[in-house]
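Novice: Sharing a structure below in structure tokens format, with a few things to ask.
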Amino acid sequence: FSSPGSSFRPFDLWRLARSIGAVEAGHVDMVETVVINDAAARVSALQGGSVHIVNGIDYKIAPLLKKDSRAYLVVTEGKQHFSLPMDATKEPFTNADVVLALKHAIDREQMVKLLMAGYGRVGNDHPIAASDPSFNPNIAQRTYDPDKARFHLKRAGKSGLTLELHTAPVAFEQAVNTVELFAQSAKPAGITISVKREPDDGYWSDVWMKKPWVASFWAGRPSASMMFASVYASGAPWNETLWKNDDFDRKLIESRSLRDPAKRREVYFELQQMIHDDCPTVIPAFASWIDAARQEVKGFVPNPNFLLSDHRVAERVWLAT
């Protein structure tokens with residue numbers, strides 16, 4: 029950022045200058061964006077004063093950076109969530125009791141506490157975040173319960189279960205560790221999960237929606253309707269479970285014709301319940317976005333829609349002089 033009396037030009041990669049007379053022109057004269065792929069290098073650049081703002085703070089680094097007097101964290105409890113979708117057309121995921129067994133075999137609390145350093149919330153196997161006005165607070169939280177998992181396995185006619193879960197670092201932060209934690213927590217339920225670590229290169233083209241069980245993530249959508257239509261409606265190109273529920277499709281279409289927000293919200297509640305109950309995916313956690321800024325940056329506030337103040341940080345912040 030550049031303001032009267034201060035200037036920074038590390039690389040001429042991407043530079044935006046203020047347009048005089050523009051609406052919402054912002055508070056700074058110029059913004060330069062620098063790509064630093066390495067997470068540790070980004071933090072070092074912030075601490076050294078080479079940059080004013082960085083995004084993508086690692087869960088392991090965040091608690092340490094929080095103690096640094098030169099910077100502060102901006103934590104957004106938004107709509108980003110991690111998922112472990114199963115192919116609804118492939119055995120054994122066609123069996124509802126097998127899916128329920130898996131949903132009760134993961135320790136979500138441990139995942140958020142140990143792997144995410146507390147920067148997130150436990151998920152409940154549907155994609156609508158608590159920060160969303162359409163969130164259904166009445167759905168009972170699914171918990172880690174090996175006995176209940178065994179119960180559902182028995183109902184499925186199985187005394188045990190062995191599965192492969194494909195993952196890669198690119199799937200989401202701590203994805204590999206999440207699957208390893210899942211494998212450990214599933215053992216008492218009689219479930220053996222083989223962790224298949226895939227290369228990052230080609231993961232989204234060759235593994236996601238190709239293998240029967242994978243790790244994935246979603247940044248969320250501005251509205252619940254968009255989230256449902258993008259990932260859970262039958263035939264949606266990103267329907268990563270290939271789940272098909274005619275009642276869900278019908279209610280989703282009906283919701284678009286409802287002018288009364290309260291009635292539309294009631295339908296959204298039902299749709300969340302359907303996904304929670306019937307869709308073969310485990311959504312163990314909602315992950316906070318963690319950005320950071322130097323102390324001289326003012327006006328940087330979180331926006332639940334996305335990181336970097338919904339990508340509008342450049343027009344909202346200013347530099348203290």
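Per the working numbering, numbering of the sequence shown is gapless, rising by one per residue and ending at 349. C-beta atoms are modelled at their ideal positions from N, C-alpha and C, and glycine is treated no differently.
1. On the three-state DSSP scale, how would you describe D277?
2. Quick check: the segment 308-320 against the segment 112-131, are at least 3 beta-carbon pairs closer than 8 Å?
3. Would you mind sorting G106 into buried or exposed? The rule is 16 or more other CB atoms within 10 Å of its CB.
4. For S316 and M144, I'd like the C-alpha separation in whole angstroms.
5. Could you check what DSSP says for F36 in three-state terms: helix, strand or coil?
6. Pop quiz: N83 and D319 are said to be a contact at Cβ under 8 Å. What is the actual Cβ separation, rounded to whole angstroms?
7. Would you report the Cα separation of P216 and Y172, rounded to the nearest angstrom?
8. With H, G and I counted as helix, E and B as strand and the rest as coil, what does DSSP make of T190?
9. Reducing DSSP to helix, strand and coil, say where E268 ends up.
10. Between the segment 176-191 and the segment 118-131, can you find at least three pairs of beta-carbon atoms closer than 8 Å?
11. Quick check on I219: buried or exposed, where buried means 16 or more other Cβ atoms within 10 Å of its Cβ?
12. Cβ of H132 within 7 Å of Cβ of A168?
13. Can you tell which of D160, W246, Q108, E282 has the C-alpha that lies nearest to the C-alpha of W232?
14. Exposed or buried, what is R136 when buried is set at 16 or more other beta-carbons lying within 10 Å of its beta-carbon?
Specialist: Inspection of the coordinates gives the following:
1. helix
2. yes
3. buried
4. 9 Å
5. With a pLDDT of 37 at F36, under the threshold of 50, the modelled position of that residue is not reliable, and the figure given next carries that caveat. Three-state result, F36: coil.
6. 5 Å
7. 11 Å
8. strand
9. coil
10. yes
11. buried
12. no
13. W246
14. buried
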